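**Student:**
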Ligand SMILES: Cc1cc2nc3c(=O)[nH]c(=O)nc-3n(C[C@H](O)[C@H](O)[C@H](O)COP(=O)(O)OP(=O)(O)OC[C@H]3O[C@@H](n4cnc5c(N)ncnc54)[C@H](O)[C@@H]3O)c2cc1C
Ligand code: SF4
Ligand code: SF4
Ligand code: FES
């Protein structure tokens with residue numbers, strides 16, 4: 070077998086977005102030796118692209134706000150499918166996590182009184198999103214990055230983890246390759262935290278980058294952990310539609326938060342029909358379906374979207390509050406949003422489903438394996454509110470870091486084994502595409518998957534379409550079992566895609582099968598054949614995916630955790 | 221549909237050459253789209269970095285027709301397409317493969333800059349006008365185009381003596397943070413080598429975030445250093461105060 074390098078840490082964090090960085094900082098603060106591994110350069114993770122803001126009931130603008138209202142809003146946004154305890158911890162701890170960022174050097178926009186300013190967002194009762202113009206994610210990741218590099222975390226950039234290694238029922242390591250050289254690398258660790266983000270690249274029209282191939286979901290699944298709620302994929306209502314080159318790129322909800330108005334080709338403010346009370350600031354699932362319906366029924370804009378107009382706020386205000394949107398449209402679409410409306414259409418954005426975790430420690434159903442951020446499930450239920458992801462990363466990143474460090478610190482001397490056979494299999498699997506004398510181009514199979522997910526597992530779903538989608542995914546799995554690539558192992562994107570594709574196929578199958586199983590409409594999951602909520606049957610369970618002993622995908626449900634009475638009152642009380 | 225010719229540099233530390241590809245041009249297409257077309261249709265192993273494809277992450281820097289730019293922000297219709305478009309890796313950093321260079325030096329340097337430090341009794345009130353100065357620099361997406369174009373690094377390879385414009389604005393951002401109490405002046409003068417900058421403003425010209433690197437960061441930093449170290453009056457005052 071070829072030689073590979075080995076690094077030993079107490080805790081390995083996979084992923085250097087907001088969740089991974091926050092976890093690494095905490096684990097390190099708890100005395101663990103921490104390695105942080107990521108596919109891109111440090112600071113380039115998805116978190117850097119977040120625009121609108123981070124939700125926290127600071128009460129700086131609307132003093133009536135508090136954790137209870139935030140909890141209430143989050144549960145209703147998630148159509149009550151959220152893990153109540155996660156939603157509670159999130160609402161309670163988010164303000165402290167945001168203030169902490171300020172202590173680490175973040176510079177949020179200010180109110181007149183000199184406090185952190187907050188803006189309105191869909192589904193939030195009060196003005197709640199702390200922000201920096203429309204580049205909040207950049208502010209957050211830089212702050213965490215600075216903190217991380219000055220607290221003794223070892224960073225391994227441009228390194229992709231392909232396999233988790235177990236000793237019996239415990240995690241003992243992670244195996245992967247350096248993107249630059251293609252050489253393999255082993256990380257031995259007592260605990261591993263997955264913070265790998267989402268799955269958007271399984272779809273063609275998406276706001277997500279090449280990194281979002283569901284690696285963490287797939288790694289957890291392969292290691293025997295449960296995935297929950299995978300049918301819930303958020304289609305953000307406003308992606309760019311024109312020109313083709315930028316189709317799917319995000320138009321931040323902050324545009325609507327700052328007063329943006331949606332109209333159809335007839336000039337009608339159509340949200341009046343779908344949610345007269347909240348209008349443009351309804352939850353994302355509702356706004357996405359409304360735009361989709363308008364276009365389907367022939368009232369779309371010239372390039373098949375809806376118009377979104379912010380020009381009435383005046384050029385100076387728009388440029389100040391939404392500078393990157395202004396530039397994005399000017400440079401990519403030659404549209405001046407201070408004068409003309411944008412054209413928007415739903416784009417695949419976020420996955421609510423993910424690895425099942427313990428709310429307090431973020432441990433998965435596998436010993437020593439933790440998960441936080443977008444890759445973890447439960448927090449957002451059937452639909453995530455805007456701004457609740459950045460806060461989720463901070464709250465549960467910190468908790469995962471503490472949970473993993475506590476777990477690792479209990480293992481005094483690391484006797485956990487890494488089995489040679491497992492490594493051999495991993496190496497063999499990775500090198501097959503170079504050895505195949507015949508096989509398909511991974512790019513072609515990837516395009517096939519993206520088409521299938523868009524056509525059969527998109528915004529509106531039916532039993533028949535989902536069935537077709539599952540069949541198509543099976544065909545694609547077959548095709549992906551024999552891939553062939555050119556070139557060497559040095560920085561070879563075609564080779565990288567071969568393994569990414571496998572992850573995407575696992576999560577695509579999970580999404581399609583969960584969607585097929587859930588015969589109701591709830592949040593981001595819209596079944597044309599079952600257009601209503603079915604609270605009795607489906608309002609009480611999460612969908613669960615796991616790998617069974619014969620290696621097949623097992624699909625089932627598990628009852629929602631019981632919410633304590635006092636929290637039920639908050640949820641039911643229309644709490645304000 | 222018209223066709224663009226791209227001449228992309230392909231090679232590694234051992235050497236390489238331009239390879240020409242023909243790519244169909246779609247409306248609004250950017251250079252990164254053309255590179256992706258090449259990957260999917262001709263050479264799957266063509267190495268390039270990218271993430272956001274929306275000019276927000278600073279991953280996709282390259283030299284297009286000799287100009288340091290973000291490939292995801294450079295539209296093909298902004299280039300003369302009657303000639304081939306050349307795409308080269310950043311010259312200031314060692315090549316790894318094709319368009320990917322080794323930018324790790326920037327991360328090493330960054331670690332040397334002392335982080336934000338606040339006083340015990342800070343009340344965390346700040347006014348918008350006061351945070352805006354630093355906010356300008358915090359827009360930096362770390363594309364390193366300014367580092368690439370700065371002649372001190374590019375032509376004179378003074379990487380051991382000068383941190384470069386990106387790190388100057390990093391220092392400026394901390395120094396101008398309304399609540400920061402750290403003193404980075406000695407580092408600026410010594411390790412960071414602010415004196416090497418001779419204000420050519422090439423860095424400012426290429427910055428995709430339109431940060432006024434020279435006027436708003438480097439010049440004020442130079443002034444601060446000068447005040448402390450060379451101003452005779454300041455020197456005498458310091459003596460009197462016993463600092
Ligand atoms: C354009 C856009 C705007 C958004 N705006 C907002 C907003 O305003 N407010 C809000 O709350 N949310 C917003 N979101 C959502 C939010 O940004 C993301 O959900 C969040 O940043 C995810 O963070 P994370 O830490 O979980 O993962 P990420 O930040 O995506 O990081 C994932 C990390 O995992 C690494 N990784 C993945 N797979 C592997 C592997 N196999 N091996 C090694 N490393 C791996 C990656 O390299 C990366 O470092 C937005 C999202 C997008 C796309
Ligand atoms: S102004 Fe200074 S830092 Fe900028 S390019 Fe010129 S010499 Fe380099
Ligand atoms: S200052 Fe501008 S050019 Fe330099 S790295 Fe930052 S964004 Fe890029
Ligand atoms: S891909 Fe992010 S800046 Fe170009």
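Protein chains in written order, with our numbering: chain H, 70 to 645; chain X, 221 to 463. From the three backbone atoms N, C-alpha and C, an ideal C-beta is built for every residue, glycine too. All values reported here derive from a predicted model rather than from experimental measurement.
#1: Taking the C-alpha atoms as reference points, what is the distance between residue 72(H) and residue 492(H)?
#2: Given this structure, state the Cα-to-Cα distance separating residue 418(X) from residue 409(X), to the nearest angstrom.
#3: Quick one: using the 10 Å Cβ neighbour count with 16 as the cut-off for buried, is residue 401(X) buried or exposed?
#4: Enumerated in chain order, which unbroken segments of the beta strand (DSSP E) with a length of 3 residues or greater are wholly contained in the segment 175-250 of chain H?
#5: Since residue 336(X) meets chain H, which of its residues come closer than 8 Å, beta carbon to beta carbon?
#6: With burial defined as no fewer than 16 other Cβ atoms inside 10 Å of the residue's Cβ, what is the status of residue 482(H): buried or exposed?
#7: Where DSSP assigns a beta bridge to residue 232(X), which residues make up the other side?
#8: Find out if the Cβ-Cβ distance for the pair residue 185(H), residue 168(H) is shorter than 9 Å.
#9: Taking its Cβ as the centre, do 16 or more other Cβ atoms sit within 10 Å of residue 306(H), making it buried, or is it exposed?
#10: Could you list the residues in the segment 210-242 of chain H with a C-beta less than 7 Å from some C-beta on chain X, going in chain order?
#11: Do residue 548(H) and residue 595(H) come within 9 Å of each other at the CB atom, strictly closer than that value?
#12: Starting from residue 330(H), follow its DSSP beta bridges and name the residues at the other end.
#13: In or out: residue 617(H) buried (at least 16 other Cβ within 10 Å) or exposed?
#14: Taking the straight line between their C-alpha atoms, what separation do you get for residue 407(H) and residue 372(H)?
#15: What whole-angstrom Cβ distance do residue 200(H) and residue 177(H) have, given they're in contact under 8 Å?
#16: Report yes if the C-beta of residue 385(X) is less than 8 Å from at least one heavy atom of ligand 3; otherwise report no.
#17: Run the Cβ filter for me: residues under 6 Å from any heavy atom of ligand 4, listed in the order they occur in the chain.
#18: Looking at the secondary structure, which residues open and close the alpha helix (DSSP H) in which residue 585(H) lies?
#19: Give me the chain H residues within the contact set of residue 281(X), using Cβ-Cβ distance strictly less than 7 Å, ordered along the chain.
#20: Cβ of residue 178(H) less than 9 Å from any chain X Cβ?
#21: Would a C-beta distance cut-off of 9 Å place residue 225(H) and residue 107(H) closer than the cut-off?
#22: Closer than 7 Å, Cβ to any Cβ of chain H: which residues of the segment 288-301 of chain X, in chain order?
#23: So who's on the other strand from residue 530(H), going by DSSP bridges?
#24: Using a Cβ-Cβ cut-off of less than 8 Å, list which residues of the segment 247-278 of chain H approach chain X; keep chain order.
#25: Where does residue 368(X) land, buried or exposed, given buried means 16+ other C-beta within 10 angstroms?
#26: What do you reckon, is the C-beta of residue 388(X) under 8 Å from a heavy atom of ligand 6?
#27: Using C-beta distances below 8 Å, list every residue in its chain close to residue 590(H), excluding the 5 sequence neighbours before and after it, in chain order.
#28: Let me know the beta strand (DSSP E) ranges lying completely inside the segment 86-155 of chain H, each 3 residues or longer, listed in chain order.
#29: Tell me whether residue 645(H) is buried or exposed, calling it buried when 16 or more other Cβ atoms sit within 10 Å of its Cβ.
#30: Measure the alpha-carbon distance for residue 446(H) versus residue 426(H) and round it to whole angstroms.
#31: Compute the minimum distance between the beta carbon of residue 83(H) and the heavy atoms of ligand 1, and state whether it is under 8 Å.
#32: I need the straight-line Cα distance from residue 275(X) to residue 394(H), nearest angstrom please.
#33: Going by Cα to Cα distance, which pick from 233(H), 475(H), 449(H) is closest to residue 432(H)?
#34: Can you pull the chain X neighbours of residue 399(H), defined as C-beta to C-beta under 8 Å?
#35: Any idea if residue 257(H) is buried or exposed, counting beta-carbon neighbours within 10 angstroms, 16 or more meaning buried?
#36: Could you tell me if the beta carbon of residue 363(X) falls within a distance shorter than 8 Å of some heavy atom in ligand 2?
**Tutor:** Reading from the atomic positions:
#1: 11 Å
#2: 14 Å
#3: By the 10 Å Cβ count, residue 401(X) comes out exposed.
#4: 223-225, 228-236, 239-247
#5: 173, 174, 215
#6: exposed
#7: The beta-bridge partner set that DSSP reports for residue 232(X) consists of 235(X), 317(X).
#8: yes
#9: buried
#10: 211, 215, 218, 219
#11: No, they are not a contact pair.
#12: In the DSSP output, where bridge partners are listed per residue, residue 330(H) has 378(H).
#13: exposed
#14: Take the alpha-carbon of residue 407(H) and the one of residue 372(H): they are about 20 Å apart.
#15: 7 Å
#16: A heavy atom of ligand 3 is found nearer than 8 Å to the CB of residue 385(X).
#17: 270(X), 271(X), 272(X), 273(X), 275(X), 276(X), 277(X), 278(X), 279(X), 280(X), 290(X), 292(X)
#18: 562-586
#19: Result: empty, since nearest Cβ-Cβ is about 11 Å, beyond 7 Å.
#20: yes
#21: yes
#22: 293
#23: 596(H)
#24: Those would be 249, 278, in chain order.
#25: buried
#26: This structure does not include ligand 6; its bound ligands are ligand 1, ligand 2, ligand 3 and ligand 4.
#27: 596, 599, 600, 601, 602
#28: 103-106, all fully within the segment 86-155 of chain H.
#29: Summary for residue 645(H): the model assigns pLDDT 48, below 50, so the residue's position carries little reliability; its value from the coordinates is reported in the next sentence. Burial call: exposed.
#30: 7 Å
#31: yes
#32: Their backbone Cα atoms lie some 11 Å apart in a straight line.
#33: 475(H)
#34: None at all; the shortest Cβ gap to chain X is about 11 Å.
#35: Looking at its Cβ environment, which holds 16 or more other Cβ atoms inside 10 Å, residue 257(H) is buried.
#36: no
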